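Trainee:
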Amino acid sequence: MDYPKIGALIRRLRQERKMTQRELAQTLGLSPKTVSKWERGQGFPDVSLLEALSGALHVNIPALLSGDLAENQLTGGSMKQMRFFVCPVCGNLTFSSGGAAVSCCGRPLEPLTPKKAAPEEALRVVESDGDWYVESSHPASKDNYISFLALVTGEMLLVLRQYPEWDLHARIPDRPHGKLVWYSTTRGLFYQLV
């Protein structure tokens, strides 16, 4: 571990939060001298303090331990490269339009890779009253259902959450073009162009 690098990161994050060494020390139940020692690279926080320190500085523990915050490239605001994450434990949904380190329930999540839906798996889309009416014959049981449906265009993401035992029947705004993306709890992430 590079103590000076980690110390410099602790100092930078503390200053970004507009905290003094004394305030950070009080938050952690330590003396200001201890925080000063870390920031000068003369020591490192005890493992038992890492969670509280990461919470106080609003940084995750792996970034704190590396002493470096990796900044993502600006994506230009396009939603076309949207990344979808689903927690295998709690089913939480997370979306990112650029690179992101996403975790849930204490586990790092990898972005799902959408598969183009085969004709028999594709959603039925009918234009109705200026909207698209979307439905599916996908099973809707407690263990096998469509968790969410999303419409992705160049400038927007519209997400409709589904729940177990709900058949998929949705009305979404008609757009000139876009991509419908949906997640089956047993078969994964699919898409079709509309």
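Heads up, the sequence shown is in this note's numbering, so the first residue is 11 and it goes up one at a time. We put the CB at the ideal spot given by N, CA and C, even for glycine. Computed from a prediction, not measured in an experiment: that's the story for all the values here.
Among the candidates R117, S113, W142 and S146, whose CA atom is the shortest distance from the CA of P129?
Mentor: S146
Trainee: Tell me, to the nearest whole angstrom, how far the beta carbon of L190 is from that of V144; I am working on the premise that it is less than 8 Å.
Mentor: 7 Å
Trainee: Looking only at its own chain, which residues have a Cβ that is under 7 Å from the Cβ of E131, when we skip the five neighbours before and after it?
Mentor: F200
Trainee: What's the C-alpha gap between S106 and H179?
Mentor: 26 Å
Trainee: If you count every other CB in all the chains shown that lies within 10 Å of the CB of P174, and 16 or more means buried, which is it?
Mentor: exposed
Trainee: Spatial neighbours of Q172 within its chain, please: C-beta separation below 7 Å, excluding the five flanking residues on both sides.
Mentor: Y155, I156, S157, F158, L159 and L178
Trainee: DSSP has W142 in a bridge; who is on the other side?
Mentor: E137 and I182
Trainee: What does a CB cutoff of less than 7 Å around L167 pick up in its chain, not counting 5 residues either side in sequence?
Mentor: M89, M92, F105 and A160
Trainee: By DSSP, does L19 sit in helix, in strand, or in coil?
Mentor: helix
Trainee: Counting along the chain, where does the beta strand (DSSP E) carrying P118 start and finish?
Mentor: Taken as a continuous stretch (DSSP letters only), the beta strand (DSSP E) holding P118 covers R117 to L119.
Trainee: Can you name, in chain order, every residue of its own chain whose Cβ lies under 6 Å from the Cβ of I20, other than the five neighbours on each side?
Mentor: W48 and E49
Trainee: Check this for me: beta carbons of L60 and L75, under 9 Å apart or not?
Mentor: yes
Trainee: Would you give the residue range spanned by the beta strand (DSSP E) that A160 belongs to?
Mentor: Counting along the chain, the beta strand (DSSP E) containing A160 begins and ends at I156 to V162.
Trainee: Look up V57 in the DSSP assignment and say whether it is helix, strand or coil.
Mentor: helix
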